[in-house]
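Participant: Dropping a structure here in structure tokens format, bear with me for questions.
Here it is, written out as structure tokens:
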């Protein structure tokens, strides 16, 4: 995803996007994508996902004064949209694999999945497969993953819609990458 020009972010987006495509292919091969299919599900999920993202944006924007400039420039809006698109396969696969059962079980499985993602990234950094510079964004990723999990488990508990949750997660993380990562000249 180097075309996004987001330093460090492009590496993580590429890795998560590729992992998502491979996981979705594996799920399709096993015939386990039934809950992600159907145009009606997608039409029902897009509007609430966009509304939830706007609400999250409005709620987090005041933090921009302290943390970082969270209002994106036009270039960063495009980068965020492209990042969200590239992250969507990962979050679709993640939610299809892990978001199950009641509220507590879904929360525990989702949180465990996010811990595993961070541990795999640390392992990749230690093995030299993932560039060492990615370690600089891991604290941001851990914080965003914690917030994502709290919101995702609540949205899932109320809707049981993994497509809605995956859309919201990809929009949110794409936005954070777009506003927090330096743009390569």
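In this note's numbering, the protein residues as written are 28 to 212.
All C-beta atoms, glycine included, are put in the ideal place defined by N, C-alpha and C.
1. List the endpoints of the continuous alpha helix (DSSP H) containing residue 152.
2. Let's see if you can read the secondary structure: which residues bound the alpha helix (DSSP H) around residue 174?
3. Measuring alpha carbon to alpha carbon, tell me which residue in 121, 81, 210, 75 is nearest residue 46.
4. So, with DSSP's three-state summary, where would you put residue 33?
5. Pick out whichever of 206, 43, 201 has its Cα sitting closest to the Cα of residue 145.
6. Are residue 39 and residue 164 touching if we call contact CB-CB under 8 Å?
7. So which of 184, 129, 100, 188 has the shortest CA-CA distance to residue 210?
8. Rounded to whole angstroms, what's the CA-CA distance from residue 186 to residue 79? Just pull it up for me.
9. Taking the alpha carbon of residue 134 as the reference point, which residue from 114, 55, 184 has its own alpha carbon closest?
10. Among all the DSSP beta bridges, which residues are the ones paired with residue 210?
11. At a cut of 8 Å, does the segment 145-158 reach the segment 100-112 through at least three beta carbon pairs?
12. Throw me the rounded Cβ distance for the residue 36 and residue 208 pair, which I believe falls under 8 Å.
Facilitator: Concretely, from the data shown:
1. Mapped onto the chain shown, residue 152 falls at position 125. Where residue 152 is concerned, the enclosing alpha helix (DSSP H) stretches over 130-154.
2. On the chain shown, residue 174 is found 147 positions in, with the first residue counted as 1. Taken as a continuous stretch (DSSP letters only), the alpha helix (DSSP H) holding residue 174 covers 165-186.
3. By 1-based counting over the chain shown, the position of residue 46 is 19. It is 121.
4. One-based indexing of the chain shown puts residue 33 at position 6. Here residue 33 sits in strand by DSSP.
5. Stepping through the chain shown from its first residue, residue 145 is reached at position 118. The candidate whose alpha carbon is nearest that of residue 145 is 43.
6. The count along the chain shown starts at 1 and reaches residue 39 at position 12. The count along the chain shown starts at 1 and reaches residue 164 at position 137. The Cβ-Cβ distance between residue 39 and residue 164 falls below 8 Å.
7. Here the question's residue 210 lines up with position 183 in the chain shown. Cα-wise, what sits closest to residue 210 is 100.
8. To locate residue 186, count along the chain shown from 1; it is residue 159. To locate residue 79, count along the chain shown from 1; it is residue 52. Each residue's Cα considered, the two are about 13 Å apart.
9. Position 107 of the chain shown, counted from the start, is the residue given in the question as residue 134. Checked all of 114, 55, 184; the closest Cα to residue 134 is 184.
10. To locate residue 210, count along the chain shown from 1; it is residue 183. According to DSSP, residue 210 bridges with 33.
11. Verdict: no, contact absent.
12. As a working note, residue 36 is residue 9 in the chain shown. As a working note, residue 208 is residue 181 in the chain shown. Contact holds; Cβ gap of about 4 Å.
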